[in-house]
Amino acid sequence: MSDVQKRSVKAPTDESRGRRVVVGVAGGIAAYKACHLVRDFKEAGDDVRVVPTPSALEFVGAATFEALSGHPVDTGVFSRVDEVQHVRVGQEADLVVIAPATADVIARIAAGRADDLLTATVLVATCPIVIAPAMHTEMWLNPATQANVTTLRERGITVLEPAHGRLTGKDTGPGRLLEPHVIAEMARTVLATGPLSQSLSGKRVLISAGGTQENIDPVRYIGNRSSGRQGFALADVAAHKGANVTVVAGNTEELETPAGAEVVRVRSTREMEAAMRERAAEADVIIMAAAVSDYRPEHEATSKLKKGQANEDLETLHLVENPDILRGLVAMRDAGQTQARILGFAAETDQPLEHGQAKLARKGADMLMVNDVSGGKVFGQPRNSGWLLTRDGNVAEVADGSKHEVAARIWDAVERFEK
Ligand code: C5P
868 MSDVQKRSVK APTDESRGRR VVVGVAGGIA AYKACHLVRD FKEAGDDVRV
918 VPTPSALEFV GAATFEALSG HPVDTGVFSR VDEVQHVRVG QEADLVVIAP
968 ATADVIARIA AGRADDLLTA TVLVATCPIV IAPAMHTEMW LNPATQANVT
1018 TLRERGITVL EPAHGRLTGK DTGPGRLLEP HVIAEMARTV LATGPLSQSL
1068 SGKRVLISAG GTQENIDPVR YIGNRSSGRQ GFALADVAAH KGANVTVVAG
1118 NTEELETPAG AEVVRVRSTR EMEAAMRERA AEADVIIMAA AVSDYRPEHE
1168 ATSKLKKGQA NEDLETLHLV ENPDILRGLV AMRDAGQTQA RILGFAAETD
1218 QPLEHGQAKL ARKGADMLMV NDVSGGKVFG QPRNSGWLLT RDGNVAEVAD
1268 GSKHEVAARI WDAVERFEK
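Spelled out as C-alpha cells, the structure:
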C-alpha cells in the first residue's frame, strides 16, 4: 500500500500544552477498565475526553466518565450540534485510544462509518490512533474481524494484540483486554515513535531479561539491580509488531509478564545459558538484555552458613567465572548453528561510547545497546537512553524515553539492520 493511501498522521503536539487524549470506549464488559485508563492519562497531565458508544453506557454510566475526565460525555452526532462536535473532537485530538474495542466498533471503523460520535471522531482524526480489542476468542479469530484488523493496520492505525486469558464466562483464549497501564504505555510509545506495524510478523524473537542470581547457601545469593523492565518492554513491543516472542527471565520486579510472549523463568546464569542455547537455533533475532552475574560461588552450601563461627566461606567467598552467554550465542552463530541477528547490552559508568565500541568488537555481536548507568541511571528506572552500535561501525543515539519507547527504537534499528 502506498503512503498516499495511508492515513497521514500529524506531528505530535508541542509540549507546552497538555496533550488532548480521546479515550473511546465500546460496549463490552471490559468497559470498566477504561476508567483506569482515563486515570492513567489524567495523572500523566493529559486533557482527557471520553467518547463512549451508546452501548458502552450500558456497562459504565456517563457520570463516572464525566467525573474522571472532568468533561461532559456524549455518544451521538446530534448532541451539541452548534459546536460541530462530531468533527471538532477528532480534529483537536493529539491521540485517540479505543479501549475496549469490540468486533462491532472495529468493523464500523474499517467500513468508514460515522454513525456515532466515536466513529465520527475516528474518521476525522489525523493524530495517532491506538485500538485495544476485547472480545470473545471466536469473534477475534473470525476472518471478518481479522480482515477488518488488517485493514486498519494497513491504514496506519495501531491495533494492539489482545491478551490471552480468562474471558467473561468460563472460556479462556486471546481476546482479553490488555491491562490499562500497558495500553497507556503502548499508546504513549506510538505517540513518541509512530504506529506499530506488523513488521515482525513471522519472526521468532528470543530475549533474556532481568538479573541472574547465584546461590551462596539456601538463604543468600549474589544478585544485581536489574529490574527486567527493558527486556520485558522489548518483548511487549515485539509481540505487538507480530513477532513470536520467548522471554528467558531471571529475577524481575513484580512486572506484568508481556502479553502474548512465552516466559521461561530461570535463576542462575547457567540456567539462563541452557534456556537460551536450547532456543537459539530457531530464533531470527536474539537480544541479551539480562544483567548476567559474571561470577558464582565455587561451592553452594547446602545448609545456611552461620556467622560468628569464624566461617571462612562467609568471610571469603571463593568465586568462579560464569560462562559468557552472549559470546556463546555468537559462537553458535559463527558455527552456523543459528542464523539469528544478535544484540547485546552494555551498562557503562564512564566513557560509554568507547567502552561500548570495544565491547561490541570483543563480543562479536551484530549490535550493542550502550547505556550510561552512572549516578543510578537506568537500573530499575522507568526511562532509558543511550547509543546503538552496529558491527559495521554505525552509531545511532537513542533519545531519552520510557523503556517501551526505547524498545520501539531498538526494534526499528534491528529491522533496518536486517535490510
Ligand atoms: O561484559 P558485559 O557484562 O558488560 O556484557 C554485557 C552483555 O553481555 C549483555 O548483553 C549481557 O546480557 C551479556 N552477558 C552474558 N553473559 C555474561 C555476562 C554478560 O551474556 N556472563
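Counting in the numbering used here, the sequence shown runs from 868 upward without gaps. Think of the CB as a built atom: it goes at the ideal place given N, C-alpha and C, for glycine as much as any other residue. Computed from a predicted model, the values in this text were never measured in an experiment.
Q. Ends of the alpha helix (DSSP H) at Pro1219?
A. From DSSP, the alpha helix (DSSP H) with Pro1219 extends over 1219 to 1230.
Q) Can you give the Cα-Cα distance for Gly1040 and Val944, rounded to whole angstroms? A) Cα-Cα distance, rounded: 35 angstroms.
Q: Take Gly1268 as the anchor and find which of Gly1036, Ala1150, Met1053, Ala978 has the nearest alpha-carbon.
A: Looking at the Cα atoms, Met1053 is the closest of the given residues.
Q) From which residue to which residue does the alpha helix (DSSP H) around Ser936 run? A) For Ser936, the enclosing alpha helix (DSSP H) covers residues 929 to 936.
Q | Enclosing alpha helix (DSSP H) for Thr1004 [first to last residue] | A | Note, Thr1004: alpha helix (DSSP H), 1004 to 1008.
Q.
When you measure from the CB of Gly1211 to every non-hydrogen atom of the ligand C5P, does any distance come out below 8 angstroms?
A. Shortest gap from the CB of Gly1211 to any heavy atom of the ligand C5P: under 8 angstroms.
Q: Confirm the yes/no value for this check: CB of Asn1091, any heavy atom of the ligand C5P, distance under 8 angstroms.
A: The nearest non-hydrogen atom of the ligand C5P is 8 angstroms or more from the C-beta of Asn1091.
Q) Is it a yes or a no for the stretch 976 to 991 touching the stretch 1051 to 1070, going by three-plus beta-carbon pairs under 8 angstroms? A) Flag = no, the stretch 976 to 991 and the stretch 1051 to 1070 do not touch.
Q: Go ahead and label Arg916 buried or exposed: buried means 16 or more other beta carbons lie within 10 angstroms of its beta carbon, across all protein chains shown.
A: When all chains shown are included, Arg916 counts as buried.
(Q) So that I know if they touch, is there some Cβ in chain D lying closer than 9 angstroms to that of His1048? (A) Included in the structure is just one protein chain, with no chain D present.
Q.
Tell me which residues share the same chain as Ala1100 and place their Cβ nearer than 6 angstroms to its Cβ, disregarding the 5 neighbours each side in the sequence.
A. Lys1270, His1271, Ala1274.
(Q) Can you look up Leu985 in the DSSP assignment and give me helix, strand or coil? (A) Of the three classes helix, strand and coil, the one that applies to Leu985 here is helix, per DSSP.
Q) Is the stretch 937 to 951 touching the stretch 917 to 926, taking contact as three or more C-beta pairs under 8 angstroms? A) For the pair of segments examined, the stretch 937 to 951 was found to touch the stretch 917 to 926: the number of CB pairs separated by less than 8 angstroms reaches three.
Q. Should Leu1027 be labelled buried (16 or more other beta-carbon atoms within 10 Å of its own) or exposed?
A. With 16 or more other Cβ atoms within 10 Å, it is buried.
Q | beta strand (DSSP E) segment containing Ile1287, residue limits | A | In the structure as shown, the chain begins at 868 and stops at 1286. Residue 1287 is therefore absent and cannot be evaluated.
Q) Taking the C-alpha atoms as reference points, what is the distance between Arg1096 and Ser1241? A) In this model, Arg1096 and Ser1241 are separated by some 18 angstroms (Cα to Cα).
Q: Tell me, please, which residues DSSP counts as bridged to Asn1118.
A: Paired residue(s): Gly1078.
Q.
Using only CA atoms, which one of Thr1017, Ala1030, Thr1136 lies nearest to Ser1075?
A. The shortest Cα separation from Ser1075 among Thr1017, Ala1030, Thr1136 belongs to Thr1136.
Q. DSSP on Leu1235, reduced to helix/strand/coil?
A. Correct three-state label for Leu1235: strand.
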